[in-house]
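Engineer:
There are 2 protein chains.
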Amino acid sequence: MSESTHHEMWEKLNMDLEAHDGLLEVLGKFYGDIYLSQENRLKGAEYLDFVLSEVHGLRIKELQDAKAQGRKVVGTFCVFVPEEITLAADAIHVGLCAGAEAGSELAEQLVPRNTCALIKSFIGFKMAKLCPYIESSDMIVGETTCDGKKKAYEAFNEIAPTYVMEVPQTKSEAARDLWKSEVLRYMKAVEELTGVTITAEKLKEGIKVINGKRRALQRLTRLRAASPAPISGRDALLVNQISFYDDPVRFTAKINELCDELEARIETGDGVAPADTPRLMLSGCPMAVPNWKLPYVVESSGAVIVGEESCIGTRNSRDLVDESGETLEAMIDAIADRYMKIDCACFTPNQERLDNITSLAKDLKADGVIHYSLLFCQPYSHESMKVDKALQVEGIPMLSIETDYSMEDVEQLKTRIEAFVETLA
Amino acid sequence: MSESTHHEMWEKLNMDLEAHDGLLEVLGKFYGDIYLSQENRLKGAEYLDFVLSEVHGLRIKELQDAKAQGRKVVGTFCVFVPEEITLAADAIHVGLCAGAEAGSELAEQLVPRNTCALIKSFIGFKMAKLCPYIESSDMIVGETTCDGKKKAYEAFNEIAPTYVMEVPQTKSEAARDLWKSEVLRYMKAVEELTGVTITAEKLKEGIKVINGKRRALQRLTRLRAASPAPISGRDALLVNQISFYDDPVRFTAKINELCDELEARIETGDGVAPADTPRLMLSGCPMAVPNWKLPYVVESSGAVIVGEESCIGTRNSRDLVDESGETLEAMIDAIADRYMKIDCACFTPNQERLDNITSLAKDLKADGVIHYSLLFCQPYSHESMKVDKALQVEGIPMLSIETDYSMEDVEQLKTRIEAFVETLA
Chain A
1 MSESTHHEMW EKLNMDLEAH DGLLEVLGKF YGDIYLSQEN RLKGAEYLDF
51 VLSEVHGLRI KELQDAKAQG RKVVGTFCVF VPEEITLAAD AIHVGLCAGA
101 EAGSELAEQL VPRNTCALIK SFIGFKMAKL CPYIESSDMI VGETTCDGKK
151 KAYEAFNEIA PTYVMEVPQT KSEAARDLWK SEVLRYMKAV EELTGVTITA
201 EKLKEGIKVI NGKRRALQRL TRLRAASPAP ISGRDALLVN QISFYDDPVR
251 FTAKINELCD ELEARIETGD GVAPADTPRL MLSGCPMAVP NWKLPYVVES
301 SGAVIVGEES CIGTRNSRDL VDESGETLEA MIDAIADRYM KIDCACFTPN
351 QERLDNITSL AKDLKADGVI HYSLLFCQPY SHESMKVDKA LQVEGIPMLS
401 IETDYSMEDV EQLKTRIEAF VETLA
Chain B
1 MSESTHHEMW EKLNMDLEAH DGLLEVLGKF YGDIYLSQEN RLKGAEYLDF
51 VLSEVHGLRI KELQDAKAQG RKVVGTFCVF VPEEITLAAD AIHVGLCAGA
101 EAGSELAEQL VPRNTCALIK SFIGFKMAKL CPYIESSDMI VGETTCDGKK
151 KAYEAFNEIA PTYVMEVPQT KSEAARDLWK SEVLRYMKAV EELTGVTITA
201 EKLKEGIKVI NGKRRALQRL TRLRAASPAP ISGRDALLVN QISFYDDPVR
251 FTAKINELCD ELEARIETGD GVAPADTPRL MLSGCPMAVP NWKLPYVVES
301 SGAVIVGEES CIGTRNSRDL VDESGETLEA MIDAIADRYM KIDCACFTPN
351 QERLDNITSL AKDLKADGVI HYSLLFCQPY SHESMKVDKA LQVEGIPMLS
401 IETDYSMEDV EQLKTRIEAF VETLA
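Residue numbers (UniProt numbering), protein chains in the order written: chain A, 1 to 425; chain B, 1 to 425.
(1) How is the beta strand (DSSP E) around A:Thr162 delimited, first residue to last?
(2) Jot down the residue ranges of each uninterrupted beta strand (DSSP E) in the stretch 63 to 128 of chain A, minimum 3 residues, whole runs only, in chain order.
(3) To which residues of the same chain is B:Pro82 closer than 7 Å at the C-beta, ignoring the five residues directly before and after it?
(4) When DSSP builds the beta bridges, which residues end up paired with A:Ser400?
(5) Against B:Ser181, what residues of chain A qualify as contacts under a CB-to-CB distance less than 7 Å, listed in chain order?
(6) With a 10 Å radius around its C-beta and 16 neighbouring C-beta atoms as the bar for buried, classify B:Pro112 as buried or exposed.
(7) Do the stretch 379 to 391 of chain A and the stretch 320 to 327 of chain A make contact, defined as three or more Cβ pairs closer than 8 Å?
(8) Would DSSP call A:Met287 helix, strand or coil?
(9) Quick one: list the residues of chain B neighbouring A:Val164, beta-carbon separation under 8 Å, in chain order.
(10) So, are the CB atoms of A:Leu63 and A:Arg224 less than 7 Å apart?
(11) So what's A:Val321 in DSSP terms, helix, strand or just coil?
(12) Which same chain residues end up closer than 7 Å to B:Val79 when comparing Cβ atoms and leaving out the 5 residues on each side of it in sequence?
(13) Compile a chain-ordered list of the residues in the stretch 363 to 376 of chain A whose CB is closer than 7 Å to at least one CB of chain B.
(14) For chain A, is any of its Cβ atoms less than 7 Å away from the one on B:Cys146?
(15) Going along the stretch 108 to 127 of chain A in order, which residues come within less than 8 Å of chain B, judged by CB to CB distance?
(16) Roughly how far, in whole angstroms, is the beta-carbon of A:Glu267 from the beta-carbon of A:Lys43, given that I think they are within contact range, below 8 Å?
(17) Report the rounded CA-to-CA distance for B:Ala170 versus A:Pro168, giving the unit in angstroms.
(18) Please name the residue, chosen from A:Ala174, A:Ile417, A:Lys126, that lies closest to A:Met281 on a Cα-to-Cα basis.
(19) Please classify A:Thr394: does DSSP put it in a helix, a strand, or coil?
(20) For the candidate residues B:Gly271, B:Thr252, B:Asp235, whose alpha-carbon lies nearest to that of B:Glu291?
(21) Could you check where the beta strand (DSSP E) with B:Ile140 kicks off and where it finishes?
(22) Enumerate in chain order the residues of its own chain whose CB-to-CB distance from A:Cys285 is below 6 Å, with the five nearest sequence positions on each side excluded.
(23) Count the other C-beta atoms from every protein chain shown that fall within 10 angstroms of the C-beta of B:Val29, then say buried if there are 16 or more, exposed otherwise.
(24) Looking only at C-alpha atoms, which of A:Glu46, A:Ser324, A:Pro274, A:Glu18 sits nearest to A:Lys129?
(25) Can you check which of these residues, B:Arg279, B:Lys293, B:Ala226, B:Val289, is closest to B:Val304 by C-alpha distance?
(26) Between B:Pro161 and chain A, is any beta-carbon pair separated by less than 7 Å?
(27) I'd like to know whether the C-beta of A:Ser381 is nearer than 7 Å to at least one C-beta of chain B.
(28) Could you give the residue range of the alpha helix (DSSP H) that holds B:Glu308?
(29) Output needed in chain order: residues of the stretch 394 to 416 of chain B with a Cβ under 8 Å from some Cβ in chain A.
(30) Is the CB-CB distance between A:Thr144 and B:Lys150 below 7 Å?
(31) If you follow the alpha helix (DSSP H) that B:Leu17 is in, where does it begin and where does it stop?
(32) Quick one: grab the DSSP three-state call for B:Met187.
(33) Quick one: does A:Gln392 have its CB under 7 Å from some CB of chain B?
(34) Along chain B, which residues have their Cβ under 8 Å away from the Cβ of A:Glu154?
(35) Pick helix, strand or coil for residue 488 of chain A, following the three-state DSSP scheme.
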């Protein structure tokens, strides 16, 4: 990642320059090893490499420039925060840093040691002054999807004021009412933040833009059903990761270009791995940048990843907001309905997720599934057992992995995954 | 616990007689060591000893007799299930088994290993056929208070059909609406189960009975402010534990008698420990029968326990339902409001709990607080850090304990607690 030209900006953001330089250096090397070493990579990956290299640089500069022009930045941790509404208020919607151990030890001053790596990471990034997105955010939005995050936001709120949306735990009518009221409350909060009144016209445009992003990601998902696999799982994950950071219109155009290239590849039977390479789908907890450990291990173990059933994956792109509404009320209803379709493990029951996983695995012609839970993530650990049963019924083998962000278990993971891949070959 | 006369009943309940006899034997010995060894115990403790000795015996026979007369039994795991409503439908409301490791290994077939001991216990009790309350229940009611329980009920539902109430996660107006709709849904479910139509008159009576139980427990709490402590923490915990099992009218009368005895003791300056004994309050996760490990260790370490801030403690008795309502609608509102006052760690924010803990500690003249979290209980582990800070402001020292149901850490706990008690003396 480029460092030299952005120091002044980072300093203004009150970041720890020395530690941040160190982080970028490590990440740059890590990225080189995991991404730049790939063979037969897509031309469209240049976009991914560039965005990633400037994810703390040029993109932050764009945010700062937008802020200078009076626009606001909303930072989020979860796919439940309705991006359509943020956009409708001319604000910028970004994901916040997580996915690395940076600052995690500091985080244990605020949350228990037995907290998942993702939560410790976002707190650690803030405490260690390493996340330019947090420092650029005019509003930080949390949500009540799991006990860990719900309670961590209370502590986080003391160092970074956090607006919390209540996500219900069932899909009853009353739960949907609660969620709709939360969507409306969010809309008011964003209007207050930005001073912009959200009109039907603006919201319609926001819906269109975000649906466009989702359609591009859906297209990518569909193309990955081809054999040989036309794109590596690592690059596809990166696409999904970048979808949380880059400008949505630019991102959509670039991903559609990348999909054009994939279509051409598929036509000529070109791929990133031979057609007989075992095809695996990942399922479970989200992998935030730069959490590439598991995909790297999998794709270094003789398999290729053909899908990611996760919030940083199909969960965030599968459902569109109905675009037929013309009034603000109708659009809010459509937004509430779309988000209530999310099959997060926070819901009970959550049969939808099991159905979605089995049908996605079949659509993508996956030979097996690796279920990934972060240590201490109770919702996904519980569902791991149910996913396994559902896949067994379909005759699809599953390997359950529980890990965190440390590199200590890489060899052990590699051994287990290689053994799993061998059974599929 | 008496065994001989109830075998036929337990057999009809399809329990594992041999394993259950073994459990009762162990518990009997455990109870003898922890309870019967106490000095200067109250006369009223005879009631506690008797109920406990017959908790799987005569009390189950009462349930069976009531069932034979057409009454229904509702089994619950949480203080959020409105007992008033159960009673208004002429049904019996009981807590279900948890609090021991019995069957916990079996439970790991259904829930992840990293699940708290309480959850593994209730699943284990069912799988090992050791809980006559589960086997007597016509309806089992769970709730969404924590990720662990919420997801465990999905697996539990496969072996014991479980009705789940959605408890909201904030105290907003919309959350209260959701909760009220859940209270109404529960009322309908109980009416359907029992065939009884809940009238205003019946609900008024249910509210009166359960408020009576709460008033008796409040009285007990107040009397424990006296010095020397007139009752041991172990016995007071047992009172709270029994409140989930025994008939509420009988329980209320017996606890009021016990409070009369306490008042007489206080008048004469009699107590269970010298007046200069360090006074500790317990705070945190509920301790279900027979989870007496921590109180025993504390009271064997030169301290006396003067209060339990827990669901099996003040959380379940502090708030009354407003009795002024005359219509069903008004009473349902009063019930919804009362339950929304519960300061469970499932809520965010949950400043009420911090305020309640500090004021209770002061009211009870506690010299210190022991915060008790079950391993892997995220809500209470997170709040432990906040409770510590809140108590520091008041100059009240706190010791944070994380443990489970195993006896392996008893010596280690004793060392830590003795050291803590020494700092208070």
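A virtual CB, placed ideally from N, CA and C, is assigned to each residue, including glycine. Since the structure is predicted, the reported quantities are computational estimates derived from the model, not experimental observations.
Structural biologist: According to the structure shown:
(1) Looking up residue 162 of chain A in the first sequence gives position 162. Start and end: 162 to 165.
(2) 73 to 76, 92 to 95
(3) The count along the second sequence starts at 1 and reaches residue 82 of chain B at position 82. Counting only Cβ-Cβ distances below 7 Å, and skipping sequence neighbours, we find Val183, Tyr186, Ile335, Tyr339.
(4) One-based indexing of the first sequence puts residue 400 of chain A at position 400. By DSSP's assignment, A:Ser400 forms a beta bridge with A:His371.
(5) On the second sequence, residue 181 of chain B is found 181 positions in, with the first residue counted as 1. Simply Ala174.
(6) For the purposes of this step, residue 112 of chain B is identified with residue 112 of the second sequence, where counting begins at 1. It is buried - the Cβ of B:Pro112 has at least 16 other Cβ atoms within 10 Å.
(7) No, the stretch 379 to 391 of chain A is not in contact with the stretch 320 to 327 of chain A.
(8) As a first step, residue 287 of chain A must be located in the first sequence, where it is residue number 287. A:Met287 falls in the coil class under three-state DSSP.
(9) The sequence position of residue 164 of chain A within the first sequence is 164, counting from 1. The contacting residues are Thr170, Thr348.
(10) Here residue 63 of chain A corresponds to residue number 63 of the first sequence, with the count starting at 1. Here residue 224 of chain A corresponds to residue number 224 of the first sequence, with the count starting at 1. Cβ atoms of A:Leu63 and A:Arg224: not closer than 7 Å.
(11) For the purposes of this step, residue 321 of chain A is taken as the residue at position 321 of the first sequence. A:Val321: coil per DSSP, three-state reduction.
(12) Residue mapping note: residue 79 of chain B aligns to position 79 of the second sequence, counting from 1. Once the five neighbours on either side are set aside, the close Cβ partners of B:Val79 are Cys311, Arg315, Asn316, Ile342.
(13) Phe376
(14) Here residue 146 of chain B corresponds to residue number 146 of the second sequence, with the count starting at 1. Judged by the 7 Å Cβ criterion, B:Cys146 is in contact with chain A.
(15) Leu110, Val111, Pro112, Asn114, Thr115
(16) Taking the first sequence and counting its residues from 1, the one referred to as residue 267 of chain A is at position 267. Taking the first sequence and counting its residues from 1, the one referred to as residue 43 of chain A is at position 43. The pair is not a contact, with the Cβ atoms about 15 Å apart (cut-off 8 Å).
(17) Counted from its first residue, the second sequence places residue 170 of chain B at position 170. Counted from its first residue, the first sequence places residue 168 of chain A at position 168. The sequence shown places Thr at residue 170 of chain B, not Ala. Going from the Cα of B:Thr170 to the Cα of A:Pro168 covers about 10 Å.
(18) Working through the first sequence from its first residue, we reach residue 281 of chain A at position 281. Looking at the Cα atoms, A:Ile417 is the closest of the given residues.
(19) The residue given as residue 394 of chain A occupies position 394 in the first sequence. Here the sequence assigns Glu to residue 394 of chain A, which means Thr is not the residue at that position. A:Glu394 falls in the coil class under three-state DSSP.
(20) Along the second sequence, one-based indexing puts residue 291 of chain B at 291. Reading off the sequence, residue 291 of chain B comes out as Asn, not Glu. Cα-wise, what sits closest to B:Asn291 is B:Asp235.
(21) Reading the second sequence from its first residue, position 140 is the one you call residue 140 of chain B. Element bounds for B:Ile140: 139 to 143.
(22) In the first sequence, residue 285 of chain A corresponds to position 285, counting from 1. Cβ neighbours of A:Cys285 beyond the five flanking positions: Tyr372, Ser373, Leu374, Cys377, Tyr380.
(23) As a working mapping, residue 29 of chain B is identified with position 29 in the second sequence. It should be noted that the sequence gives Lys, not Val, for residue 29 of chain B. Flag for B:Lys29 reads exposed.
(24) Within the first sequence, numbered from 1, the residue matching residue 129 of chain A stands at position 129. Selected option, being the one with the closest Cα: A:Glu18.
(25) Position 304 of the second sequence, counted from the start, is the residue given in the question as residue 304 of chain B. For B:Val304, the closest alpha carbon among the candidates B:Arg279, B:Lys293, B:Ala226, B:Val289 is that of B:Arg279.
(26) What you label residue 161 of chain B is simply residue 161 of the second sequence in a count that begins at 1. Chain A, which has no Cβ nearer than 7 Å to the Cβ of B:Pro161, makes this no.
(27) Residue mapping note: residue 381 of chain A aligns to position 381 of the first sequence, counting from 1. Closer than 7 Å: yes.
(28) One-based indexing of the second sequence puts residue 308 of chain B at position 308. Premise fails: B:Glu308 lies in the beta strand (DSSP E), 304 to 309, not in any alpha helix (DSSP H).
(29) none
(30) Taking the first residue of the first sequence as position 1, residue 144 of chain A is located at position 144. Taking the first residue of the second sequence as position 1, residue 150 of chain B is located at position 150. Going by C-beta atoms, A:Thr144 is not nearer than 7 Å to B:Lys150.
(31) In the second sequence, the residue the question calls residue 17 of chain B occupies position 17. It spans 17 to 31 - the alpha helix (DSSP H) in which B:Leu17 sits, taken as one unbroken run.
(32) Within the second sequence, the letter at position 187 stands for residue 187 of chain B. If DSSP states are grouped into helix, strand and coil, B:Met187 belongs with the helices.
(33) In the first sequence, the residue the question calls residue 392 of chain A occupies position 392. No - not a single Cβ of chain B is within 7 Å of the one on A:Gln392.
(34) The count along the first sequence starts at 1 and reaches residue 154 of chain A at position 154. The answer, in chain order, is Thr348, Pro349, Asn350, His382, Lys386.
(35) Residue numbering for chain A in the displayed model covers 1 to 425; residue 488 of chain A lies beyond these limits and cannot be assessed.
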